[in-house]
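**Q** I am attaching a structure below and will ask some questions about it afterwards.
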Amino acid sequence: MRELKNKNESVKSVIMKNNYLKLVLLVMIISVASCKDEELPAPMATATPASQVITSGETTAIALSSDINGTTFSWTVVQTGVTGAIPGSGTSIAQSLTATGSGSGTATYTIIPTANGVVGDPITVVITVNLAKVTYLADVKPILTASCTPCHLAGGANPNKWDEYTPTKTKISLIIDRVKREPGATGFMPRNGTKLSADKIAVLEKWVADGLLEK
Ligand code: HEC
């Protein structure tokens, strides 16, 4: 009788153990399944516009968005022939860029989106920074009014007025010829004055190359 009871007891405990293992297994399956449910999607970043061409000294205007609300963005940048680009974060890239060379430069931003701790694929935005064009009002007129005063200014006796756009534009090759002569040489301008610096003469020459714009 005692022996039977023991046997019963051990059968019972085997069944209990089995049930216990089943339960553990079930809990494991459920937790693995729920883990899968919680796997969050990676955000996909969009830059608007996707690239930009600006003039040296202007500010970039790139808006960053993604398919997931609350995405944050951070970026790194590689600049060539440009200064002013710096790494940062936010939902827009607004940086004032300046070309450093004699031609245009680029700034290439690599933007990384993050949403709910999930990091998405990086995207790149290339900004081309063109040199500003030389214009009469911004660049040429200040040089000529400072150096050719008082003779060539409106109101003076000389018929050639360099503080006016049209006569200056018409005679720009004569102007460049005269300012390139050496002081003391016949026809050197500014008459009895100091020779213009090389960078000022370069501005006059670039004005021609850029198309003799007024502004
Ligand atoms: C002190 C007065 C004076 C100053 C300053 C002066 N000029 Fe003259 N410029 C003259 C006179 C006078 C003439 C006419 C004689 C001549 O052609 O050399 C002249 C003539 C010229 C001519 C020839 C125009 C033509 O139609 O042939 C050019 C070009 C010129 N000047 C450019 C300049 C420039 C550029 C500056 C300033 C960087 C300048 N001048 C400063 C007095 C001056």
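Quick note: the sequence shown uses the working numbering, first residue 4, plus one each step.
In this text, a Cβ means the ideal position worked out from N, Cα and C, and glycines have one as well.
Are the stretch 148-167 and the stretch 118-131 in contact at 8 Å, needing three or more beta carbon pairs?
**A** They do not touch, by the three-pair rule.
**Q** Using a threshold of 7 Å, is the CB atom of Lys164 nearer than that to any non-hydrogen atom of the ligand HEC?
**A** For the ligand HEC, not one heavy atom lies less than 7 Å from the Cβ of Lys164.
**Q** Tell whether a beta-carbon distance below 8 Å holds between Leu140 and Thr171.
**A** No, the pair does not count as a contact, with Cβ atoms beyond the cut-off.
**Q** Report yes if the C-beta distance between Ile96 and Thr63 is below 8 Å; otherwise report no.
**A** Their beta carbons are under 8 Å apart, which means Ile96 touches Thr63 by this criterion.
**Q** Within 10 angstroms of its Cβ, does Ser59 collect 16 or more other Cβ (buried), or is it exposed?
**A** By the 10 Å Cβ count, Ser59 comes out buried.
**Q** For Gly187 versus Ser150, is the C-beta spacing smaller than 8 Å?
**A** No, they are not a contact pair.
**Q** With 16 as the cutoff for other CB atoms within 10 Å, does Thr74 come out buried or exposed?
**A** When all chains shown are included, Thr74 counts as buried.
**Q** Give me the DSSP bridge partner(s) of Val122.
**A** For Val122, which the question treats as bridged, DSSP gives the partners Thr117.
**Q** Give the single residue among Gln82, Ile179, Ala118 and Pro90 whose Cα lies nearest to the Cα of Ala110.
**A** The residue with the shortest Cα to Cα distance from Ala110 is Gln82.
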